[in-house]
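**Q** In order, the protein sequence lines correspond to chains A and B.
Residue numbering for the first sequence follows the working numbering, beginning at 4 and increasing consecutively.
Residue numbering for the second sequence follows the working numbering, beginning at 4 and increasing consecutively.
2 protein chains.
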Amino acid sequence: MHRGCEDCAVRDRAVCAPLDDAELAALSKLGRRRRLRRGESVVFEGDDNAVCANVLSGVLRVNATTPAGREQTVALLYPADFLGRPYARSSTHSVTALTDAELCVFPRTLFERAIGDCSPLENQLLRRTLDDLDRSRHWMMLLGRKSAGAKVASLLVDMAERLAPGGGAFDLPLTRGEMADVLGLNIETVSRQLTRLARDGVILLRGRRGIALLDSHALGERAEAA
Amino acid sequence: MHRGCEDCAVRDRAVCAPLDDAELAALSKLGRRRRLRRGESVVFEGDDNAVCANVLSGVLRVNATTPAGREQTVALLYPADFLGRPYARSSTHSVTALTDAELCVFPRTLFERAIGDCSPLENQLLRRTLDDLDRSRHWMMLLGRKSAGAKVASLLVDMAERLAPGGGAFDLPLTRGEMADVLGLNIETVSRQLTRLARDGVILLRGRRGIALLDSHALGERAEAA
DNA sequence: AACCGAGTTTGATCACGGTCAAAGCGCGCC
DNA sequence: GGCGCGCTTTGACCGTGATCAAACTCGGTT
Numbered sequence: 004m005h006r007g008c009e010d011c012a013v014r015d016r017a018v019c020a021p022l023d024d025a026e027l028a029a030l031s032k033l034g035r036r037r038r039l040r041r042g043e044s045v046v047f048e049g050d051d052n053a054v055c056a057n058v059l060s061g062v063l064r065v066n067a068t069t070p071a072g073r074e075q076t077v078a079l080l081y082p083a084d085f086l087g088r089p090y091a092r093s094s095t096h097s098v099t100a101l102t103d104a105e106l107c108v109f110p111r112t113l114f115e116r117a118i119g120d121c122s123p124l125e126n127q128l129l130r131r132t133l134d135d136l137d138r139s140r141h142w143m144m145l146l147g148r149k150s151a152g153a154k155v156a157s158l159l160v161d162m163a164e165r166l167a168p169g170g171g172a173f174d175l176p177l178t179r180g181e182m183a184d185v186l187g188l189n190i191e192t193v194s195r196q197l198t199r200l201a202r203d204g205v206i207l208l209r210g211r212r213g214i215a216l217l218d219s220h221a222l223g224e225r226a227e228a229a
Numbered sequence: 004m005h006r007g008c009e010d011c012a013v014r015d016r017a018v019c020a021p022l023d024d025a026e027l028a029a030l031s032k033l034g035r036r037r038r039l040r041r042g043e044s045v046v047f048e049g050d051d052n053a054v055c056a057n058v059l060s061g062v063l064r065v066n067a068t069t070p071a072g073r074e075q076t077v078a079l080l081y082p083a084d085f086l087g088r089p090y091a092r093s094s095t096h097s098v099t100a101l102t103d104a105e106l107c108v109f110p111r112t113l114f115e116r117a118i119g120d121c122s123p124l125e126n127q128l129l130r131r132t133l134d135d136l137d138r139s140r141h142w143m144m145l146l147g148r149k150s151a152g153a154k155v156a157s158l159l160v161d162m163a164e165r166l167a168p169g170g171g172a173f174d175l176p177l178t179r180g181e182m183a184d185v186l187g188l189n190i191e192t193v194s195r196q197l198t199r200l201a202r203d204g205v206i207l208l209r210g211r212r213g214i215a216l217l218d219s220h221a222l223g224e225r226a227e228a229a
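(1) Is there contact between the stretch 55–70 of chain A and the stretch 83–90 of chain A, where contact requires at least three CB pairs shorter than 8 Å?
(2) Would you mind reading off the limits of the alpha helix (DSSP H) that contains residue 173(B)?
(3) Count the C-beta pairs between the stretch 24–37 of chain A and the stretch 110–119 of chain A that are closer than 8 Å, then say yes if the count reaches three, no if not.
(4) Do you know how far the Cα of residue 145(B) is from the Cα of residue 184(A)?
(5) Could you tell me the boundaries of the alpha helix (DSSP H) in which residue 191(B) lies?
(6) Here's the rule I'm using: 16 or more other beta-carbon atoms within 10 Å means buried, otherwise exposed. How should residue 94(B) be labelled?
(7) Which whole-angstrom value is the C-beta distance of residue 177(B) and residue 101(B), which I expect to be below 8 Å?
(8) In terms of alpha-carbon separation, which member of 168(B), 151(B), 18(B) lies closest to residue 130(B)?
(9) Cβ of residue 159(A) within 8 Å of Cβ of residue 80(A)?
(10) Indicate the three-state DSSP secondary structure (helix, strand or coil) for residue 112(B) in the structure shown.
(11) Nearest to residue 208(A) by alpha carbon, out of 192(A), 173(A), 133(A), 169(A)?
(12) The beta strand (DSSP E) that contains residue 132(B), what's its start and end?
(13) Say whether chain B places a C-beta atom closer than 8 Å to the C-beta of residue 67(A).
(14) Compute the distance between the beta-carbons of residue 228(B) and residue 152(B), then report whether it is under 8 Å.
(15) At the 8 Å Cβ level, is residue 126(A) part of the contact set with chain B, yes or no?
(16) Whole alpha helix (DSSP H) runs in the stretch 62–110 of chain A with 4 or more residues, listed along the chain?
(17) State the start and end residues of the unbroken beta strand (DSSP E) segment that holds residue 46(A).
(18) For residue 217(A) and residue 71(B), what's the separation of their Cα atoms in angstroms?
(19) So, are the CB atoms of residue 122(A) and residue 46(A) less than 8 Å apart?
(20) Excluding the 5 residues preceding and the 5 following residue 194(B) in the sequence, name in chain order all residues of the same chain whose CB lies nearer than 7 Å to its CB.
(21) Please report the straight-line C-alpha distance between residue 190(B) and residue 8(B), rounded to a whole angstrom.
(22) Could you tell me whether the Cβ atoms of residue 107(A) and residue 56(A) are closer together than 8 Å?
(23) Do we get a CB-CB distance below 8 Å when we pair residue 75(A) with the residues of chain B?
(24) Look at the alpha carbon of residue 104(A) and the alpha carbon of residue 27(A), and state the distance between them as a whole number of angstroms.
(25) Helix, strand or coil, according to DSSP, for residue 24(A) in the structure here?
(26) Taking the continuous beta strand (DSSP E) assigned at residue 54(B), which residues delimit it?
(27) DSSP three-state label for residue 184(A), please.
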């Protein structure tokens, strides 16, 4: 068996979760671990779309570029998330590490064959893709209809759920500029909204990346406001 | 076999395309045709998520509602598109007909069983969902980063590809207000942008719904502008 | 410990798109 | 054919968030 499947940090949450030992053994032969430094890319927009992967640790972003050259982050990837685009020759997005990260990488065509050979894998990937689609559409609502204040609050709620499920303090994996790319805002607007949340006692900012949610309820309300 | 599978208008483009005769026969026992009048809904947000369907004819929209009550259209559905959310108890979106439409409807749980029993169906649905995700993410870029003028031009290009692949004139399936819901704009802004495109000779508006693309190239350029 | 640079904050101003209001027009209806 | 409703257009004004510019701060490096 692939070195480490048995001690994989996301064994029961990643797309491999429903596989039995034999299926896992077959799949693990195709994959290998890969470490990424903050800023490194796995997939380049327009490039040959060569890999799929599971996120083992770290946070990554999936980006699209407008014809005019502006960046829009279309998804954030956290541990146990699946990354890649099976069944497409080239990728329409780029994937970059926002923090140091570790992946379990599969060559795309081999992974596609594994999908065909292993029905639980195919079904799990379908369910995940449907979830991703729901999330993507939910985020469209945010981009199209929410104010800057509600956008920033929504992102903080979202990240806190992933990174500090118990509530409380955590480190932001994104710079202000990266948050702006997610929210369809610019860097100054993000900064102003964060400053305002801090001034109002909803959050507490410590240094560049430290944040604590002092009043999650108020933050939730702001995330839902027009 | 289900009345009409053999003369189905989207037999070779819908999610059933890769099925052989036996598989198609099994699936067709579960489905039945349903006509919708413009404005009728199939799935209600938060409702019991009871059905999946293929679009046979017409145009539908998939909508999300902000907590504040504003509408955002997150997808448009054209003939041969798949509609519904397998594997979820309740739906997070509502689906409404923008024109009179005809569907091939399946009870959700039976369709899920069919997915499990029929691997080509599962694979085709996976491929489609991945395509939908790409489209959704592409649209996020539009919502987050494009100007009002570029948004309206993009929507026209998109609809023309679907409704008048040869180019030329067609009828808009959406009112100005519905276009606004798709683009994250308001109705007046949509109207002004259309008027401007017409004044500049890029399009020609005839009545409320008629439109002709006079200069597709210029329209494409405007769709790509910042 | 001081320096340096990237990232962040703050401020002033501007413009795009939203809001409010009213007139116009297409289209189905009687 | 004329009426009336609902969608659309146009106009005036306003506000949010973008842009431009400059000061500041954190954090890593020598």
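Virtual Cβ for every residue (Gly too), placed ideally from N, Cα, C.
**A** In this structure, then:
(1) yes
(2) It is not in any alpha helix (DSSP H) - residue 173(B) instead sits in the beta strand (DSSP E) that spans 172–174.
(3) yes
(4) 13 Å
(5) 190–202
(6) buried
(7) 6 Å
(8) 18(B)
(9) no
(10) helix
(11) 173(A)
(12) No beta strand (DSSP E) holds residue 132(B); the alpha helix (DSSP H) holding it covers 122–148.
(13) yes
(14) yes
(15) yes
(16) none
(17) 44–46
(18) 24 Å
(19) no
(20) 179
(21) 40 Å
(22) yes
(23) yes
(24) 22 Å
(25) helix
(26) 54–60
(27) helix
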